[in-house]
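First residue of the sequence shown: 1, per UniProt numbering; consecutive thereafter. Glycine is no exception: its CB is placed at the ideal position from the N, C-alpha and C atoms. Since the structure comes first, as structure tokens, the remarks are kept for the end.
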Amino acid sequence: MVSRFNEGLGAVVAFLLVLSVICFAIWALIFWKTPSADLSNATPTPTLAPTLVPTASPTPTVAPTQAPVEPDVSDVPTPTSEPTTAEVREIVVRAFEYAYDPGVIQVNAGETIQIRFENTGTMVHNLVIDDLAISSGNIEPDGSTVFQVKIPVNDKSEYTYYCSQDDHRALGMEGRINVVQP
Numbered sequence: 001m002v003s004r005f006n007e008g009l010g011a012v013v014a015f016l017l018v019l020s021v022i023c024f025a026i027w028a029l030i031f032w033k034t035p036s037a038d039l040s041n042a043t044p045t046p047t048l049a050p051t052l053v054p055t056a057s058p059t060p061t062v063a064p065t066q067a068p069v070e071p072d073v074s075d076v077p078t079p080t081s082e083p084t085t086a087e088v089r090e091i092v093v094r095a096f097e098y099a100y101d102p103g104v105i106q107v108n109a110g111e112t113i114q115i116r117f118e119n120t121g122t123m124v125h126n127l128v129i130d131d132l133a134i135s136s137g138n139i140e141p142d143g144s145t146v147f148q149v150k151i152p153v154n155d156k157s158e159y160t161y162y163c164s165q166d167d168h169r170a171l172g173m174e175g176r177i178n179v180v181q182p
């Protein structure tokens with residue numbers, strides 16, 4: 001009787017051992033992912049452009065025998081004021097998981113702004129403004145980029161910016177640019 005019990009117990013133990021191995025294999029296939037080479041977000045490595053080096057020395061020119069003539073400056077207009085350079089305002093936009101800071105930016109129509117886009121999150125993020133055909137490109141965590149945006153003078157009073165990564169926009173990763181018209 002005991003030997004029959006031991007045979008049955010041995011079969012049960014063997015069955016449970018095989019079942020455990022099968023369950024572990026299924027779990028490993030589902031949850032244990034090995035890193036794969038995802039090149040869709042890869043940053044290209046910059047390469048140096050070839051530099052042209054002249055192979056011959058320039059030929060010296062013969063000096064003129066006449067004295068140089070001074071230009072007549074009497075008809076050159078004198079500027080009435082100092083030339084002005086358009087100031088470009090820098091705005092820092094920080095991205096983190098499913099939000100931007102600031103969420104609202106106020107600009108004037110016709111203004112050019114420089115956006116310093118910093119990814120302070122733990123995931124890849126970007127900043128896309130469809131109506132202005134602008135995309136920052138994908139920025140890795142702790143990375144940043146700088147780009148300029150020219151706000152057109154038109155009837156539009158608001159532009160939406162968002163993260164196009166996975167479902168980030170659906171999870172609320174959107175911001176607004178409010179435009180003050182002249």
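| Item | Value |
| --- | --- |
| Can you tell me whether residue 189 is buried or exposed? The criterion is at least 16 other CB atoms within 10 Å of its CB, across all chains shown. | Nothing in the structure corresponds to residue 189, since the chain is present only between 1 and 182. |
| Whether or not the stretch 103-119 and the stretch 131-148 are in contact is what I'm after, with contact meaning three or more pairs of Cβ atoms, one per stretch, closer than 8 Å; do they touch? | yes |
| When we look at the beta-carbon of V180 and count the other beta-carbons within 10 Å, is it buried (16 or more) or exposed? | exposed |
| Taking the C-alpha atoms as reference points, what is the distance between N108 and I151? | 7 Å |
| Do R94 and T120 have their CB atoms nearer than 8 Å? | yes |
| For I134, which option in G110, D166, P141 and T160 has the closest C-alpha, if you only look at C-alpha atoms? | T160 |
| Using a Cβ-Cβ cut-off of 8 Å (strictly less than) and excluding sequence neighbours within five positions of D131, which residues of its own chain qualify? | K156, Y159 and T160 |
| Assign H168 to one of three DSSP states: helix, strand, or coil. | coil |
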